[in-house]
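Asks: The working numbering puts the first residue of the sequence shown at -9, with every later residue one more than the last.
To start, I am sharing the structure in question, which I have written as structure tokens.
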Amino acid sequence: MQGAQFGLFIHYGLYSLEGRGEWLQYVEKIPIAEYAKLASRFTADKFNAGKICDYVSNQITELLTRYGPVPGIWLDGAAVPHSGDKSKFRSRSEAIQERGWGYCENCQRRNADEVMAKLRLAAEWKANLLLNTGPQGDGSIHPEEIAVLREVGRRLRR
């Protein structure tokens, strides 16, 4: 899988307490005042932003300094206006991403074989796979997701 382009995208917020994905408030049409009540339960006991930021910073530094020219890096900017025809990219994105990616308590999780298949498809299309995961309400990553990420990492290092 040499040359595979793979990244992680992490969503974390009040919706993590409910375990139904990052679009919870919008999809279920939850009023702002009601959704805001989740904040009193959002303690994130196992969340360590400093640890995550240090890890991500070190990974970005490694990627930008150890592997030759980097044609681009994407840090989420959904509010930034874009120009040009995005349909080609959108159709590829939708073909690879047929289900949601964020933390969802009762959703079917992808296994390592599925993630590797998505990576192969992205590589064939000269695209990047941006795999989204997110902490549970307490700030920890679900053990099944950790196991899948470790197995994918093991396979990529072969």
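The beta-carbon is built from N, C-alpha and C at its ideal position, and this holds for glycine as well.
Output yes or no for whether 8 Å exceeds the beta carbon distance between leucine 119 and phenylalanine -1.
Replies: The count along the sequence shown starts at 1 and reaches residue 119 at position 129. The count along the sequence shown starts at 1 and reaches residue -1 at position 9. Contact flag unset, no.
Asks: Below 6 Å CB to CB, which residues in the same chain sit around glutamate 104 once its five sequence neighbours on both sides are set aside?
Replies: The residue given as residue 104 occupies position 114 in the sequence shown. Nothing meets the Cβ criterion.
Asks: Helix, strand or coil: which one does DSSP assign to threonine 231?
Replies: What the structure shows of the chain is the stretch from -9 to 148, and residue 231 is not part of that stretch, so it cannot be assessed.
Asks: Are alanine 102 and arginine 145 closer than 8 Å when you measure CB to CB?
Replies: Numbered from its first residue, the sequence shown carries residue 102 at position 112. Numbered from its first residue, the sequence shown carries residue 145 at position 155. Result yes, Cβ atoms of alanine 102 and arginine 145 sit closer than 8 Å.
Asks: Helix or strand or just coil, what does DSSP make of isoleucine 0?
Replies: As a working mapping, residue 0 is identified with position 10 in the sequence shown. Here isoleucine 0 sits in strand by DSSP.
Asks: Which stretch, first to last residue, makes up the beta strand (DSSP E) that contains leucine 120?
Replies: Translated into positions along the sequence shown, residue 120 becomes position 130. Counting along the chain, the beta strand (DSSP E) containing leucine 120 begins and ends at 119 to 123.
Asks: Considering Cα atoms alone, identify which of Asp128, Leu109 and Leu139 is closest to alanine 29.
Replies: Here the question's residue 29 lines up with position 39 in the sequence shown. That would be Asp128, whose Cα lies nearest to the Cα of alanine 29.
Asks: Can you tell me where the alpha helix (DSSP H) with proline 21 in it begins and where it stops?
Replies: What you label residue 21 is simply residue 31 of the sequence shown in a count that begins at 1. Segment: none, proline 21 is in no alpha helix (DSSP H) and carries neither H nor E.
Asks: Leaving out five residues on either side along the sequence, give the residues of the same chain with a beta carbon under 6 Å from the beta carbon of glutamate 134.
Replies: Taking the sequence shown and counting its residues from 1, the one referred to as residue 134 is at position 144. Closer than 6 Å at Cβ, skipping near neighbours: Arg99.
Asks: Should glutamate 12 be labelled buried (16 or more other beta-carbon atoms within 10 Å of its own) or exposed?
Replies: Taking the first residue of the sequence shown as position 1, residue 12 is located at position 22. Buried.
Asks: Give the DSSP-derived three-state secondary structure of cysteine 94 in the structure shown.
Replies: As a position in the sequence shown, residue 94 is number 104, starting the count at 1. Of the three classes helix, strand and coil, the one that applies to cysteine 94 here is strand, per DSSP.
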